[in-house]
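Reviewing the structure listed below.
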Amino acid sequence: MTDVWLHPAWLLILGALLLPLTPARLKRGFLLIVPVLTLLRIGLMPKGTFGEVPFLDWVLVFGRVDALAHVFAVIMGLMAVIATLYSLHVRDDAQHMAAWIYAGGSLGAIYAGDLLTLFVFWEVMALSSVFLIWFRRGPQSPAAGFRYLLVHMAGGVALLTGIVLHLQATGSLAFVAFEVKQMTPATWLILTGFLLNAAVPPLHAWLPDAYGEATFNGSVFLCSFTTKTAVYTLCRGFPGLEILVPLGVVMALYGVVYAVLENDSRRLLAYHIVSQVGYMVAGVGIGTGLAINGACAHAFANVLYKGLLFMGCGAVLHMTGQSKFTELGGLWKKMPWTFALTLIGGLAISAFPLTSGFVSKPMIVAAAYADHRLGVGLLLMLASVGTFLHTGLKVPYFIWFGKRNCSESTWRRAGEPPGNMLAAMTIAAVLCLVIGCYTPSLYALLPRADVYYQPYTAYHISETLQLLLFTALGFFLLRKQLQPEPTISLDLDWFHRMLGRGVAWIAQRPVQRADNRWGELYRRAGLTPLARSADQVRRFDQGVIDGAIDGLATVVGRLGGRLRSMQRADLQQNLTLALAVVGIVLFLVYRFLV
Amino acid sequence: MKLAQLIAWLRDRLRTVVRVCLGLLVLLVLIDAWPGVVNKDEAHTTIERWPAFWAVFGFVGCVLLIVLSKAFGHAGIMKREDYYDD
């Protein structure tokens with residue numbers, strides 16, 4: 079339509095690329111202005127279809143802007159601003175770059191009008207977000223990052239295979255609602271890719287594993303973008319798919335059960351993402367107008383309060399170096415404001431009246447009842463009990479009150495975080511309250527304008543307050559039972575951890591032996607003649623090419639130096655490259671064979 | 200640091216705070232049970248019309264979640280922190 083259409087994702091990605099070149103004294107301003115401009119661009123974007131690019135036989139659509147894409151893009155843009163503000167004091171360009179490219183990937187996926195564009199941005203998200211885990215630079219970070227990456231690569235392969243099969247069957251790449259009544263192998267594969275990113279059991283174990291290991295600020299980005307982008311794709315592709323209802327209910331309760339056992343505050347919050355996304359997945363499965371609106375509203379509210387909770391626990395981690403309940407406790411004297419703001423997040427996720435959860439979560443429950451699914455409604459209410467029990471009570475109680483488990487050094491280090499972190503948390507907390515107190519601020523954005531919902535009725539307020547306050551009574555009576563224990567909980571990541579160990583064993587033993595023999599053969603048969611020709615090439619190389627390359631190499635070297643501190647950088651680069659090659663090869667194979 | 204002072208002030212009067220909270224719980228149930236205050240036509244099932252149904256649901260649900268989850272965890276799911284290290 080228009081000649082120049084600026085994709086908001088480009089603003090973030092271009093900003094990320096320009097960041098290392100920005101002078102140090104302008105850096106903070108630059109860090110603030112880029113996400114703010116992105117959010118403005120999202121807010122001012124007209125509805126319609128833009129950015130259509132012919133590619134081979136198809137037209138790639140980079141900008142399908144409709145109500146469904148808009149509501150998700152707005153919250154992603156908003157979170158990019160808040161999370162960047164939260165990380166503002168981090169003097170590591172690479173972290174900001176990874177986070178922005180990740181957020182840009184999410185926006186690209188949300189605005190994608192075709193499956194191929196969606197896939198490309200899907201992979202951009204996976205590849206950039208893994209750096210948010212690696213940059214923690216702890217002894218366990220490389221392995222945690224690789225587990226995360228490999229799981230997402232597997233999901234990406236399922237998605238790509240599904241897309242190719244779908245194209246073959248229907249001749250269309252358009253990303254619209256699939257036939258949920260007649261699922262094909264292609265659409266099942268696409269669904270698998272989406273469900274993996276939404277962390278639906280049994281494809282969920284990557285999430286607590288990764289989000290507990292990421293940097294204190296990286297988790298704030300991670301908790302917002304991947305799962306909620308997946309919820310968007312489910313809303314778009316599979317509304318009304320029946321199997322999503324039981325899956326969503328199982329998710330909602332699964333996360334709650336594991337949260338009881340968890341000792342690490344950030345892993346507990348990660349299990350609660352699984353639980354919260356369960357509501358949204360169930361909403362998508364119910365598929366009525368109210369349910370889809372509920373899923374979108376809940377995703378929107380969830381990004382804010384979940385981000386706030388991760389910011390609160392991230393602040394504790396940043397200041398004390400600890401995130402486990404068995405190493406914390408009694409911090410209210412040292413970090414009262416962090417406590418108060420985190421508590422607002424905890425109340426919002428528990429759907430207390432006047433908070434955002436109160437106006438979003440019950441839409442899904444009401445949709446379940448309206449669709450005559452009483453069991454679904456009641457089980458989701460039970461999950462609400464668990465939500466308040468953990469995020470509203472367990473997290474604040476065992477970090478800021480309870481038994482003081484802190485070591486002397488933890489206690490000495492503890493204190494309120496830097497102003498920018500408190501400011502970001504304050505913004506998120508205020509938004510949680512604004513949405514809760516003034517419902518049109520959220521409801522006006524929802525995709526189905528024809529659906530009416532009013533959360534503030536006497537019955538609903540009475541129901542919620544009874545449910546939550548009596549949960550609190552149960553918590554205080556049984557809080558001895560809930561005393562944190564220094565353990566980890568086995569989850570389905572056991573399988574890929576053990577699988578990885580098995581592969582490592584094979585690589586060390588049989589493959590290594592075969593490799594040694596092959597190397598010996600190669601040295602005798604091939605190397606001597608090769609060395610002779612290589613010598614001639616070297617002379618040419620030294621004389622002619624080096625001069626030209628040296629100048630370029632200095633520039634590249636300077637950029638590369640910034641990334642060099644990355645652990646196992648060569649392996650990471652190889653993996654990235656390998657993925658790109660696999661994608662291109664698959665695509666070419668398809669082009670020539672089909 | 201005024202917030203910390205407020206928390207300290209409340210902690211010094213913990214008994215009173217607990218009493219006020221328990222009073223609130225009782226009040227909540229009374230309001231729910233008082234005919235005509237809360238319109239129960241929105242209830243989806245008959246059991247939801249019982250006075251204080253959601254209070255019982257919340258309390259029992261909370262106790263069950265804690266007890267059953269802990270039983271599940273101690274049945275072999277919770278492991279030493281160095282379980283994956285070797």
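Order-wise, the sequence lines are chains A and B. Mapping of the first sequence onto this note's numbering: residues 79 to 672, in sequence order. Mapping of the second sequence onto this note's numbering: residues 200 to 285, in sequence order. Backbone N, C-alpha and C fix where the C-beta goes; we use that ideal spot for every residue, glycine too. The structure displayed is predicted, hence computed values, not measured ones.
Q: Could you run through the region 243–263 of chain B and flag, in chain order, every residue whose CB is less than 9 Å away from some CB of chain A?
A: Listed in sequence order: HIS243, THR244, GLU247, ALA251, PHE252, TRP253, ALA254, VAL255, PHE256, GLY257, PHE258, VAL259, GLY260, CYS261, VAL262, LEU263.
Q. Looking at C-alpha atoms only, which residue of LEU331/A, THR469/A, THR116/A is the closest neighbour of PHE553/A?
A. Here the question's residue 553/A lines up with position 475 in the first sequence. When LEU331/A, THR469/A, THR116/A are compared, the shortest CA-CA separation from PHE553/A is found for THR469/A.
Q: Quickly, what does DSSP pair PRO132/A with across the bridge? List them, please.
A: Here residue 132/A refers to the residue found at position 54 of the first sequence. Beta-bridge pairing links PRO132/A to VAL137/A.
(Q) Strictly below 8 Å CB to CB, what residues from chain A border LEU213/B? (A) As a working mapping, residue 213/B is identified with position 14 in the second sequence. For LEU213/B, no chain A residue has a Cβ inside 8 Å of its Cβ, as the nearest lies near 11 Å away.
Q. In its own chain, which residues sit with a C-beta less than 7 Å from the C-beta of LEU109/A, not counting the 5 before and 5 after it?
A. Locating residue 109/A in the first sequence gives position 31, counting from the first residue. Within the same chain, LEU109/A has close Cβ partners THR162, LEU166, HIS174.
Q. Would you call ILE442/A buried or exposed, if buried means 16 or more other Cβ atoms sit within 10 Å of its Cβ?
A. Against the first sequence, residue 442/A aligns to sequence position 364. Buried.
**Q.** Segments assigned beta strand (DSSP E), at least 3 residues, entirely inside the region 560–593 of chain A
**A.** Runs of the beta strand (DSSP E) inside the region 560–593 of chain A: 565–567.
Q) Counting contacts by CB-CB distance shorter than 8 Å, is ALA270/B in contact with chain A? A) Reading the second sequence from its first residue, position 71 is the one you call residue 270/B. No, ALA270/B lies away from the interface with chain A (no Cβ there is under 8 Å from its Cβ).
Q: Give the straight-line distance between the Cα atoms of THR504/A and LEU467/A, rounded to the nearest whole angstrom.
A: For the purposes of this step, residue 504/A is taken as the residue at position 426 of the first sequence. For the purposes of this step, residue 467/A is taken as the residue at position 389 of the first sequence. Answer to the nearest angstrom: the Cα atoms are 23 Å apart.
Q.
Once DSSP output is grouped into helix, strand and coil, what is the label at ALA492/A?
A. Looking up residue 492/A in the first sequence gives position 414. The answer is coil: DSSP assigns ALA492/A none of H, G, I, E or B.
(Q) Just to confirm my understanding: we take GLY271/A, look at its own chain, exclude 5 residues before and 5 after, and list those with CB closer than 6 Å. What are they? (A) As a position in the first sequence, residue 271/A is number 193, starting the count at 1. Excluding sequence positions up to five before and after GLY271/A, its CB lies within less than 6 Å of the CB of GLY233, ALA236, LEU237, all in the same chain and listed in chain order.
Q: Just tell me which of MET123/A, VAL229/A, ARG214/A has its CA closest to the CA of LEU185/A.
A: Here residue 185/A refers to the residue found at position 107 when the first sequence is read from its first residue. For the residues MET123/A, VAL229/A, ARG214/A, the minimum Cα distance to LEU185/A belongs to MET123/A.
Q: Measure the alpha-carbon distance for GLY182/A versus ARG587/A and round it to whole angstroms.
A: As a working mapping, residue 182/A is identified with position 104 in the first sequence. As a working mapping, residue 587/A is identified with position 509 in the first sequence. Cα to Cα, GLY182/A sits roughly 42 Å from ARG587/A.
Q: Could you check how far apart the C-beta atoms of CYS313/A and ILE268/A are, in whole angstroms? I think they sit under 8 Å.
A: Position 235 of the first sequence holds residue 313/A. Position 190 of the first sequence holds residue 268/A. Wrong, their Cβ atoms sit about 14 Å apart, outside the cutoff.
Q.
Taking the alpha carbon of LYS239/B as the reference point, which residue from ALA252/A, ALA536/A, HIS574/A has its own alpha carbon closest?
A. Numbered from 1 along the second sequence, position 40 holds the residue referred to as residue 239/B. Between LYS239/B and the set ALA252/A, ALA536/A, HIS574/A, the nearest pair of CA atoms involves ALA536/A.
Q: Could you spell out the range, first to last residue, of the alpha helix (DSSP H) harbouring LYS269/B?
A: As a working mapping, residue 269/B is identified with position 70 in the second sequence. Here the alpha helix (DSSP H) through LYS269/B covers 252–271.
(Q) Restricting to Cα atoms, I'd like to know which of GLY129/A, VAL143/A, LEU156/A is closest to VAL112/A. (A) For this step, residue 112/A is matched to residue 34 along the first sequence. Nearest option by C-alpha distance: LEU156/A.
Q.
Once the 5 residues before and after LEU227/A are set aside, which same chain residues still bring their CB inside 8 Å of it?
A. Locating residue 227/A in the first sequence gives position 149, counting from the first residue. Annotation for LEU227/A: ALA204, LEU205, VAL208, LEU653 place their beta carbon closer than 8 Å to its own, counting only its chain and skipping 5 residues before and after.
Q. Interface residues of chain B around SER540/A at Cβ under 7 Å?
A. To locate residue 540/A, count along the first sequence from 1; it is residue 462. The CB of SER540/A comes closer than 7 Å to the CB of ILE230, ASP231, VAL237 in chain B, given here in chain order.
Q: Pull out every residue of the region 544–569 of chain A whose Cβ sits closer than 9 Å to any Cβ of chain B, in chain order.
A: Going along the region 544–569 of chain A in chain order, one finds GLN544, LEU545, LEU546, LEU547, PHE548, THR549, ALA550, LEU551, GLY552, PHE553, PHE554, LEU555, LEU556, GLN559, LEU560, GLU563, PRO564, THR565, ILE566, SER567, LEU568, ASP569 with a Cβ nearer than 9 Å to chain B.
Q.
Here's a check: name, in chain order, each residue in its chain whose Cβ is nearer than 6 Å to the Cβ of GLY408/A, leaving out the five neighbours to either side.
A. Position 330 of the first sequence holds residue 408/A. The beta carbon of GLY408/A is closer than 6 Å to those of ARG482 in its chain, skipping five residues each way along the sequence.
Q: Could you name the residues of chain A that ARG279/B contacts, counting a contact when the two beta carbons are closer than 9 Å?
A: Taking the second sequence and counting its residues from 1, one reaches residue 279/B at position 80. What ARG279/B touches in chain A: PRO564, THR565, ILE566.
(Q) Please classify MET397/A as buried or exposed, where buried requires at least 16 other C-beta atoms within 10 Å of its C-beta. (A) Here the question's residue 397/A lines up with position 319 in the first sequence. The C-beta of MET397/A has 16 or more other C-beta atoms within 10 Å across all chains shown, which makes the residue buried.
Q.
Using 8 Å for Cβ pairs, my map puts LEU347/A next to PHE388/A. What's the rounded Cβ distance?
A. Translated into the one-based positions of the first sequence, residue 347/A becomes position 269. Translated into the one-based positions of the first sequence, residue 388/A becomes position 310. Indeed they touch by this definition, with Cβ atoms about 6 Å apart.
**Q.** Near-chain B residues of the region 418–433 of chain A (beta-carbon distance less than 8 Å), N- to C-terminal order
**A.** Going along the region 418–433 of chain A in chain order, one finds ALA418 with a Cβ nearer than 8 Å to chain B.
Q. So what does DSSP say about GLY356/A, is it helix, strand or coil?
A. One-based indexing of the first sequence puts residue 356/A at position 278. The answer is helix: DSSP assigns GLY356/A an H, G or I state.
Q | Minimum Cβ-Cβ distance from SER643/A to chain B less than 8 Å | A | Position 565 of the first sequence holds residue 643/A. At SER643/A the pLDDT is 41, less than 50, meaning the model places this residue with poor confidence and gives no usable figure here.
Q | Proximal residues to LEU322/A (C-beta, below 6 Å), its chain only, five neighbours per side dropped | A | The sequence position of residue 322/A within the first sequence is 244, counting from 1. So the list reads VAL359, VAL362, GLY363, once near-sequence residues are dropped.
Q) For ALA203/B, which residues in chain A fall below 8 Å Cβ to Cβ? A) Numbered from its first residue, the second sequence carries residue 203/B at position 4. Listed along chain A are TRP410, LYS411, PRO414, each with a C-beta nearer than 8 Å to that of ALA203/B.
Q. Considering ARG526/A, what are the terminal residues of the alpha helix (DSSP H) in which it resides?
A. Residue mapping note: residue 526/A aligns to position 448 of the first sequence, counting from 1. For ARG526/A, there is no enclosing alpha helix (DSSP H), as DSSP marks it with neither H nor E.
Q) Mapping DSSP to helix, strand and coil, what is ARG212/B? A) As a first step, residue 212/B must be located in the second sequence, where it is residue number 13. Collapsing the DSSP output to three states places ARG212/B in coil.
Q: Identify every residue that forms a DSSP beta bridge with VAL143/A.
A: As a first step, residue 143/A is located in the first sequence; it is residue number 65 there, counting from the start. Per DSSP, the beta bridge partners of VAL143/A are GLY126/A.
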